[in-house]
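Structure first, commentary second.
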Amino acid sequence: MQKPANTTKPIRSLEDALDRCQMLGMRISRQRRFILELLWQVKEHLSAREIYHRLNQQGKEIGHTSVYQNLEALFSNGIIECIEHCDGRLYGNNSDTHSHINCTDTNQILDLQVELPEDFIRQVEIQTGVKITSYTINFYGYCNQQSS
Ligand SMILES: [Zn+2]
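See below:
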């Protein structure tokens, strides 16, 4: 689901994200900045609806349409992440290829960098005939000790 980055410098902070916008000639409107600030602040994966509610709760006025349009523009330019979840699309600050841990207790999705062993990847390539360029793994589990 990840789009390849257009440039070499990775986005590691809110400032990097804003720099990337500028480099791509994207206007940094107040609303666009609000959304990026929120995503970098919470470091969670949020739906457009949640982003709308949280910003308005913070007194940052933004309309539904503006939230959707900005998220779409930021994602299609590789500045934020978009994942297809069973509840709909979720957006995150991390635009690099990464894996996720899905906690079934809290419904949280956490980012995780995983590196698979080289020989494992080579095995997959031999098995499938596909040259692997990136991968993302979904882990599922729970955080609380469950009593049986
Ligand atoms: Zn993520």
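Note that the sequence shown covers residues 152 to 299 in our numbering.
We treat Cβ as the ideally placed atom computed from N, Cα and C, and that holds for glycine.
These numbers come from a predicted model, not from an experiment.
- In this structure F271 is exposed. Its beta-carbon is surrounded by fewer than 16 other beta-carbon atoms within 10 angstroms.
- Pairwise C-beta distances place the region 205-218 out of contact with the region 245-254, as fewer than three of them are shorter than 8 Å.
- Between Q192 and I230, the alpha-carbon positions lie close to 15 Å from each other.
- Judged by DSSP secondary structure, I162 falls outside any alpha helix (DSSP H); it is assigned neither H nor E.
- The C-beta of H196 has 16 or more other C-beta atoms within 10 Å across all chains shown, which makes the residue buried.
- Under the three-state reduction of DSSP output, S250 falls in the strand class.
- Counting along the chain, no beta strand (DSSP E) covers I179, and no H or E run does either.
- For the set D238, R184, E166, the Cα lying nearest the Cα of A224 is the one of R184.
- At the C-beta level, I252 and Y286 stay beyond 9 Å of one another.
- Exposure of I277 is indicated by the presence of fewer than 16 other C-beta atoms within 10 angstroms of its C-beta.
- In this chain, the beta strand (DSSP E) harbouring N289 covers 289-292.
- At least one heavy atom of ligand 1 falls within 8 Å of the beta-carbon of D262.
- Residue pairing of D262 in beta bridges, as defined by DSSP: H251.
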